[in-house]
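Residue numbers (the working numbering), protein chains in the order written: chain A, 1 to 255; chain B, 256 to 510.
Have a look at the structure below before the remarks.
Dropping the structure here:
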């Protein structure tokens, strides 16, 4: 184990499973907070605002403020603002994404737009998808908050935003820009927010294909914790291994 | 040109464009009917019942009865009935598909099913897609009426059933069985219905990637007509050419 000056931490499968918190993870974050080490929760979930995510974390006993949360909705809004701060956007998505884009002052409309942005939308309709396809065919750039194919819920694995995005990409034959993990886009931005050096910051997560790959793609150290998606057995099948792999965050020793 | 004993004819782009009939195509079918040559309209559109399609054709002055129409919904119902006549099905789709499956006497339910069947559904919801994904993950076989990525409309190219299907296939990582053109499944069934020998029957259509490929995949002769999707210039880019290629069906000479 190694001393890190900053921690980027995944949420679902790492801090909690559905509505159930992971006790060892709560203690892990408390310890980080006690030691005054900067930490930032980095999530592919675009549906909630940062303050709503922080509220959920606090309700589970996890020390968190709005400033400790970095969602792919924020990363998406930042990404577009850097390209074109006066962008017009057609957006499909829930409150977290809508709010993040609104706060940047973009113009929202249904057609003749610079960007089509899609995040998970459980009120998806054919008309929403049709507008997105027409706009992309008319030249709008397609941005997707994340490529997650499935979302774990009490009912089982539900369609993720990556699968909804495929309606637009398959229909228009235009590849989206994905912002969330495993892309380095979201991680690079998170590193700017946390403010610690890349080589002294570590990415913590339970999903090899999103969290760990994101860390690797951003040339960071990674801690894989087996409390969620990727099992120890599955991890063995991957060629490139995380910096550390532990059964539970309880095992992590702060040096 | 060649004498054929039977004609399989595409609809959209071949007989009409949207609500506008193609006059030369109407005359073409009238001539076939006058000569008592068997013909069958073969369509990837799963949304309408055969009698509804026939009614539209008649309203355009095209000689057609319900028996002259073969939809991918009928082909889908036949395909499942051959595999398992007592199948239980979760279905996403419009009236044409719902009716075709009902008429085979299958059991409809939301979970614990043998098949998930998807056709174009302009009332698609997240919940419908979620149920489909959960059922496929529980072992249901995924059948899609067709892989069309886009539907031409007055508004432009709208999402086709192939793009809606991708939500389920991307999320579950299960490949669907596609029934419609360019698959030979629908053409093989259509040949049984029309009752003329394969080598003396021809497939007529405007779309290289669906109609013409379907004919080729079914080892049939093909007539490509440039009144719809595929232009003469585009056709040149394909290695395997149709048996005949004509600007309009007016050019076709009955020998």
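Each residue gets a CB set at the ideal place from its N, CA and C atoms; glycine is no exception.
Since this is a predicted model, take the numbers as computed values, not measurements.
Rounded separation between residue i and residue j - CA only
i, j, result
"residue 263 (chain B)", "residue 445 (chain B)", "8 Å"
"residue 472 (chain B)", "residue 437 (chain B)", "7 Å"
"residue 299 (chain B)", "residue 26 (chain A)", "54 Å"
"residue 350 (chain B)", "residue 308 (chain B)", "12 Å"
"residue 539 (chain B)", "residue 273 (chain B)", "Not covered by the structure: residue 539 (chain B). The range shown for chain B is 256 to 510."
"residue 256 (chain B)", "residue 506 (chain B)", "10 Å"
"residue 488 (chain B)", "residue 297 (chain B)", "25 Å"
"residue 378 (chain B)", "residue 61 (chain A)", "42 Å"
"residue 275 (chain B)", "residue 310 (chain B)", "15 Å"
"residue 382 (chain B)", "residue 394 (chain B)", "19 Å"
"residue 159 (chain A)", "residue 258 (chain B)", "51 Å"
"residue 84 (chain A)", "residue 180 (chain A)", "19 Å"
"residue 22 (chain A)", "residue 141 (chain A)", "39 Å"
"residue 510 (chain B)", "residue 429 (chain B)", "47 Å"
"residue 79 (chain A)", "residue 113 (chain A)", "16 Å"
"residue 508 (chain B)", "residue 491 (chain B)", "23 Å"
"residue 11 (chain A)", "residue 161 (chain A)", "17 Å"
"residue 312 (chain B)", "residue 420 (chain B)", "28 Å"
"residue 380 (chain B)", "residue 125 (chain A)", "6 Å"
"residue 133 (chain A)", "residue 388 (chain B)", "23 Å"
From the options, residue whose alpha carbon lies closest to that of residue i
i, options, result
"residue 346 (chain B)", "B:484, B:357, B:435 and B:288", "B:357"
"residue 465 (chain B)", "B:260, B:269 and B:368", "B:269"
"residue 290 (chain B)", "B:378, B:271 and B:318", "B:318"
"residue 432 (chain B)", "B:385, B:321, B:332 and B:505", "B:332"
"residue 100 (chain A)", "A:71, A:135 and A:114", "A:71"
"residue 204 (chain A)", "A:226, A:188 and A:196", "A:226"
"residue 293 (chain B)", "B:493, B:390, B:320 and B:276", "B:320"
"residue 131 (chain A)", "A:18, A:235, A:115 and A:94", "A:115"
"residue 169 (chain A)", "A:147, A:18 and A:242", "A:147"
"residue 228 (chain A)", "A:206, A:58 and A:85", "A:206"
"residue 271 (chain B)", "B:314, B:494 and B:476", "B:314"
"residue 121 (chain A)", "A:141, A:174, A:57 and A:93", "A:93"
"residue 493 (chain B)", "B:509, B:476, B:508 and B:463", "B:463"
"residue 221 (chain A)", "A:255, A:241 and A:236", "A:241"
Residue i and residue j closer than 8 Å at C-beta
i, j, result
"residue 149 (chain A)", "residue 426 (chain B)", "yes"
"residue 372 (chain B)", "residue 406 (chain B)", "no"
"residue 68 (chain A)", "residue 40 (chain A)", "yes"
"residue 374 (chain B)", "residue 137 (chain A)", "no"
"residue 246 (chain A)", "residue 212 (chain A)", "no"
"residue 248 (chain A)", "residue 24 (chain A)", "yes"
"residue 439 (chain B)", "residue 469 (chain B)", "yes"
"residue 145 (chain A)", "residue 73 (chain A)", "yes"
"residue 261 (chain B)", "residue 451 (chain B)", "yes"
"residue 442 (chain B)", "residue 384 (chain B)", "no"
"residue 104 (chain A)", "residue 75 (chain A)", "no"
Proximity test, residue i beta-carbon vs the ligand FMN heavy atom, cut-off 7 Å
i, result
"residue 372 (chain B)", "Here there are no bound small molecules, and the ligand FMN is not part of this structure."
Under 7 Å, CB to CB, which of the residues in the segment 390-414 of chain B have a partner in chain A?
392, 404, 405, 410, 411, 412, 413 and 414
Specify whether the segment 453-469 of chain B and the segment 187-207 of chain A touch according to this definition: at least 3 beta carbon pairs, one from each stretch, less than 8 Å apart.
no
Pairing CB atoms from the segment 302-312 of chain B with CB atoms from the segment 286-293 of chain B, are three or more of them under 8 Å?
no
Stretch-stretch touch, CB-based, cutoff 8 Å, three pairs: the segment 77-91 of chain A with the segment 108-125 of chain A
yes
Taking any Cβ of chain B, which residues in the segment 171-188 of chain A have a Cβ under 9 Å from it, in chain order?
171, 172 and 173
Closer than 8 Å between beta carbons: that is the criterion. Which residues of the segment 101-124 of chain A meet it against chain B?
121, 122, 123 and 124
Contacting positions in the segment 65-91 of chain A - beta carbon closer than 7 Å to chain B:
none
Using a Cβ-Cβ cutoff of 7 Å, what residues of the segment 472-492 of chain B are near chain A? List them in chain order.
none
Any C-beta of chain B within less than 8 Å: which residues of the segment 23-48 of chain A qualify?
none
Members of the segment 446-470 of chain B that neighbour chain A once the beta carbon cut-off is set at 7 Å
none
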